[in-house]
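Colleague: To start, I am sharing the structure in question, which I have written as structure tokens.
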Amino acid sequence: MATPLGVHVRGELVSVERTVSDVNIVGELPGSRWPAQAVVLTAHWDHLGHDDDAPAGTDAIFNGAIDNASGVASMLAVATQLRVREGAGRPLGRRMIFVATTGEEEGLLGSRWYATHPSVPVADIAGVINLDSTNVHGETRTVQVIGRGQTDLEDTLAEVLVAEGRSVVAEDNPGSGGYYRSDHFSFAQLGVPAIYLRGGSDMHEGGEGQGKRIAELKAAHYHTVDDEIDPSWSFAGTLQDALTVASLAARVADGESMPQWKPGSEFARVRAPSPK
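Counting from 85, one number per residue, gives the positions in the sequence shown under my numbering.
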């Protein structure tokens with residue numbers, strides 16, 4: 085319940101508007117059974133640029149190693165894995181579209197533009213898988229779904245993970261509103277089932293305790309110039325999760341039906357009917 089404080093506050097906000105030109109980078113693998121339909125993978129390549137307020141002679145570059153060079157690297161690994169599958173005579177049922185988006189840090193600008201100017205009609209996008217700030221450390225026993233409970237893509241993911249001896253869990257901090265703050269959200273707003281996932285915190289080496297320590301370190305470097313590559317990173321978790329995403333993407337691409345929102349999802353009402 086709100087409590088009156090008896091205090092009046094007056095403030096002034098000054099904003100500066102500027103126009104810049106930037107690009108999304110898009111690649112595709114063809115579909116064989118339903119070539120007009122697509123599965124979209126997103127990972128933003130932008131970060132925060134340069135810290136103009138940094139003292140002279142200090143590090144002023146926001147490298148964005150985890151957020152989100154790690155996501156782009158993972159997406160490229162997924163693309164490579166699916167291309168190898170295609171080369172082995174197992175083409176995807178639906179086409180796969182890989183979108184390295186710009187302007188995520190400025191309000192999902194790149195994904196918003198692509199979602200409203202897609203390579204295929206929105207109704208033909210089966211689903212979206214988003215990679216943002218992935219696990220660059222060791223392998224995990226779990227995969228976190230950010231905003232768990234939205235789509236049946238989570239059920240497909242769970243099936244993939246059973247074969248890997250892993251399981252789906254909710255994000256560590258659901259109150260942060262992560263589902264509404266990354267590129268998949270631009271598609272969800274248009275009714276396209278979208279999933280945002282990353283490696284969980286139950287580490288093979290060190291368990292939940294090690295996962296918590298890694299999360300705290302990641303939070304300390306989040307959106308700072310300290311988000312830089314570290315020689316101690318093993319990338320074992322990166323590879324593990326990329327293979328998981330490749331399997332998930334292939335299942336969605338090959339599925340007889342398109343993914344749907346779960347009953348009660350706030351986005352279900354805007355999902356266009358699945359093409360027949």
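Ideal Cβ positions, reconstructed from N, Cα and C, are used throughout, including at glycine.
1. Among the residues of its own chain, which have a CB less than 6 Å from the CB of alanine 326, if the five just before and after it don't count?
2. Would you tell me roughly how many angstroms separate the C-alpha atoms of histidine 268 and alanine 278, rounded to the nearest one?
3. Tell me the rounded alpha-carbon separation between histidine 307 and glycine 261.
4. Taking the alpha-carbon positions, what's the lysine 346 to proline 139 distance?
5. Considering isoleucine 313, what are the terminal residues of the alpha helix (DSSP H) in which it resides?
6. Within its chain, find whatever has a CB closer than 7 Å to the CB of tryptophan 27; leave out the 5 residues flanking it on each side and keep chain order.
7. State the start and end residues of the unbroken alpha helix (DSSP H) segment that holds methionine 180.
8. Buried or exposed, going by whether 16 or more other CB atoms sit within 10 Å of the CB of isoleucine 109?
9. Quick one: what's got a C-beta closer than 6 Å to tyrosine 264's C-beta in the same chain, skipping five residues either side?
10. Run the CB neighbour count on arginine 196, radius 10 Å, all protein chains shown included, and call it buried at 16 or more, exposed below.
11. What residue ranges within the segment 135 to 178 form continuous alpha helix (DSSP H) runs of no fewer than 4 residues, ordered along the chain?
12. In angstroms, rounded to a whole number, what distance separates the CA positions of lysine 360 and proline 175?
13. Determine, using beta carbons only, whether glutamine 228 and valine 253 come nearer to each other than 7 Å.
14. Considering only the beta carbon of each residue, do isoleucine 213 and valine 276 sit closer than 7 Å?
Modeller: With the structure as the only source:
1. Ser158, Ala161, Val162
2. 6 Å
3. 17 Å
4. 50 Å
5. Counting along the chain, isoleucine 313 falls outside any alpha helix (DSSP H), and DSSP gives it neither H nor E.
6. The shown model of the chain, from 85 to 360, leaves out residue 27, and the question about it has no answer.
7. Run containing methionine 180: none in the alpha helix (DSSP H); it sits in the beta strand (DSSP E), 176 to 185.
8. exposed
9. none
10. buried
11. 155 to 171
12. Bear in mind that a pLDDT of 44 at lysine 360, under 50, signals an unreliable position, so the model cannot answer this.
13. yes
14. no
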